[in-house]
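J.: Numbering (my numbering), first residue to last: -16 to 105.
Heads up, the beta-carbon is just placed ideally off N, CA and C, and yes, glycines get one too.
Since the model is a prediction, treat every value here as computed from it, not as a measurement.
Before we start, here is the structure in question, set down as structure tokens.
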């Protein structure tokens, strides 16, 4: 899967699991950290863990494993590093505090359609 396909798949998973304020940002020309950021808000620590677990499971079925996961113990944020895609899962107050959309305001927002996920590769 390309980084864009991974980012869009992650956004669709987040939408299916009722994440709020989902944003896919194209940062390829702005940083060497990643090509895309996926940012979304969960409603509780349990919701954040559920989002992360579902994202990891769905991408694993497609042969994509995270390089690194941070914040699993914090309860108010998680970061999942898929090399070309970095996922930021926040509780509302934490998201407001870090204000990544403002920090990366030069990034283009990528539209996604929250319809069916692509089928896993066999």
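By the three-class DSSP mapping on this structure, what secondary structure does residue 105 have?
T.: The residue you call residue 105 lines up with position 122 of the chain shown. Low per-residue confidence applies at residue 105: pLDDT is 45, beneath 50, and the placement is therefore not dependable enough to give any value.
J.: Give every residue of the same chain whose Cβ lies closer than 8 angstroms to the Cβ of residue 10, excluding the five residues on either side of it in the sequence, and list them in chain order.
T.: Counting from one through the chain shown, the residue named residue 10 turns up at place 27. Answer for residue 10: 16, 17, 18, 19, 20, 87, 90, listed in chain order.
J.: Could you check whether the region -2 to 14 touches the region 42 to 61, counting it as contact only if at least three pairs of C-beta atoms, one from each stretch, sit closer than 8 angstroms?
T.: no
J.: Could you give the distance in angstroms between the alpha-carbon of residue 33 and the alpha-carbon of residue 22?
T.: Taking the chain shown and counting its residues from 1, one reaches residue 33 at position 50. Taking the chain shown and counting its residues from 1, one reaches residue 22 at position 39. Distance between the alpha carbons of residue 33 and residue 22: 15 angstroms.
J.: Considering only their Cβ atoms, is the gap separating residue 73 from residue 31 smaller than 9 angstroms?
T.: For the purposes of this step, residue 31 is taken as residue 48 along the chain shown, with counting starting at 1. For the purposes of this step, residue 73 is taken as residue 90 along the chain shown, with counting starting at 1. In this structure, residue 31 sits near residue 73, with a CB-CB distance shorter than 9 angstroms.
J.: What three-state label does DSSP hand residue 83 in the structure shown?
T.: For the purposes of this step, residue 83 is taken as residue 100 along the chain shown, with counting starting at 1. Residue 83 falls in the helix class under three-state DSSP.
J.: My output table needs one value for residue 38: the three-state DSSP class, helix, strand or coil.
T.: As a position in the chain shown, residue 38 is number 55, starting the count at 1. In this structure, residue 38 counts as helix in the three-state DSSP scheme.
J.: Just reading off the alpha helix (DSSP H) that residue -2 is part of, what are its end residues?
T.: Taking the first residue of the chain shown as position 1, residue -2 is located at position 15. From DSSP, the alpha helix (DSSP H) with residue -2 extends over -14 to -1.
J.: Do residue 79 and residue 59 have their beta-carbon atoms positioned less than 9 angstroms apart in this structure?
T.: The count along the chain shown starts at 1 and reaches residue 59 at position 76. The count along the chain shown starts at 1 and reaches residue 79 at position 96. In this structure, residue 79 does not lie closer than 9 angstroms to residue 59 by Cβ.
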